[in-house]
Amino acid sequence: MQRHVMLPRLQQSSHFIFPESVGWYRDLPNHSVYRSERLCETFSLHFIVSGKGYVEIEGEQYPIQKGDAFLYFPYQEQKYYSSKEDPWDVLWVHFDGNHIKEFMLERGFLRTLWTLKRWNELEVAFHELLLEAETNSILRTTNLSTLTYKILCEFMSYAAPLTGNRGMESVDRILALLPSMQQKACEPFILEEWAELTGVSTYYFCKLFRKAMSMTPLSFITLCRIQFAKQRLIEKENWPIKDIAKESGYASASYFNQRFQEHEGMTPSEFRSFYAKSLFG
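Under the working numbering, the first residue of the sequence shown is numbered 2, with each subsequent residue one higher.
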């Protein structure tokens, strides 16, 4: 059985989340998917109703079964396939939306493999979305958005990391460091010290970090510094930019200006001016 509905991506949407496609595949022993890195622009969530299958991560095969799920962020390499001996019954949805990545990262949903402590409501939510898409297509976009959000919330409420995977244990060590890295982001960044805390080489630390966060360690540090700087620019509106730069971890004000503009599309002074007027004038 193969049911799926493809939906157009809304170019200008007020919805927090919206599905690109939704489907239900059952008893398809040859179901196999490979998407290279940077090919898929949307998130995707697959939930195993019954049967078995496999997800490959960096060449290593991980078995999944009833009650398990796998989640991909945009631009991740994807490789998964059904067991031929015990084909999976799998529900899936591809979705996108405004600030979805931040929403999920803040709640710790950084990995690919999950298991559900409770899944009846999630299965029902998938079927509701599929039926809505099959019946009304895009005539009721609010319903499509609401049902997709219901799926995401049910998943996030009851999902737990799928354990027993050597590769995932390594990623866990990176995830455990993130709060400390964020807290100390404005201090000098010394890659060797963070790698030593993880118990791996600097090369492998960077590889694990990209696997966990889809960015380099320095990119993460930069994001943390920019976030800190934005807050300081508003809170300390009379501080010179060079002082904000120094407190944010940049010895050079000109380099701070350059990095800030690359990320925010405006200089620190322009940011402060814009938001000061928005908040106080």
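Ideal Cβ placement from N, Cα and C applies to all residues, glycine included.
Remember, it's a predicted structure, so these values are computed and weren't measured experimentally.
Shown here, residue 44 sits in a strand according to DSSP, grouped into three states. When DSSP states are grouped into helix, strand and coil, residue 210 belongs to the helix group.
Taking residue 76 as reference, the option from 240, 184, 215 and 186 with the minimal CA-CA separation is 215. With a contact defined as Cβ atoms closer than 8 Å, residue 117 and residue 123 qualify at about 6 Å. Beta-bridge annotation (DSSP): residue 116 is paired with 69 and 161. Only residues of its own chain outside the window of five on either side were considered, and among them 46, 70 and 123 have a CB closer than 7 Å to the CB of residue 156, listed in chain order.
Between residue 17 and residue 99 the beta-carbon gap is near 6 Å, inside 8 Å, which marks them as a contact. Boundaries of the beta strand (DSSP E) around residue 58: 53-58.
Annotated three-state conformation of residue 195 is helix, per DSSP.
In the same chain as residue 87, and ignoring 5 residues on each side of it, the C-beta atoms closer than 8 Å to its own belong to 52 and 53, in chain order.
As a beta-bridge residue in DSSP terms, residue 61 pairs with 58. Two segments are said to touch when three or more pairs of C-beta atoms, one from each, lie closer than 8 Å; by this definition the stretch 266-275 touches the stretch 234-242. Taking the CA atoms as reference points, residue 56 sits about 15 Å from residue 92.
Taking C-alpha positions only, residue 261 is separated from residue 104 by approximately 23 Å. A Cβ-Cβ separation of about 19 Å leaves residue 38 out of contact with residue 96 under the 8 Å criterion. Shown here, residue 7 sits in a strand according to DSSP, grouped into three states. By the 16-neighbour rule on beta-carbons within 10 angstroms, residue 223 is buried.
Here residue 92 carries a strand assignment [DSSP, helix/strand/coil]. Annotation for residue 226: the continuous alpha helix (DSSP H) segment containing it runs 218-236.
In this chain, the beta strand (DSSP E) harbouring residue 27 covers 19-27.
Excluding its 5 nearest sequence neighbours in each direction, residue 126 has C-beta neighbours in its own chain below 8 Å: 148, 151, 152 and 155, listed in chain order. Looking at the DSSP output, residue 35 bridges to 80. Residue 182 places its beta carbon 8 Å or farther from that of residue 229.
The residue from 251, 145 and 236 with its alpha-carbon nearest to that of residue 225 is 251. If you ignore the 5 residues before and after residue 143, its C-beta comes within less than 8 Å of the C-beta of 16, all in its own chain and listed in chain order.
Taking residue 67 as reference, the option from 90, 205, 263 and 30 with the minimal CA-CA separation is 90. Take residue 32, set aside five residues on each side of it, and the residues of its chain with a beta-carbon closer than 6 Å to its own are 26 and 83, in chain order. In its chain, beyond the 5 residues on either side, 6 have a beta carbon closer than 7 Å to the beta carbon of residue 135.
In the DSSP annotation of this structure, the continuous segment of the alpha helix (DSSP H) that includes residue 136 starts and ends at 121-137.
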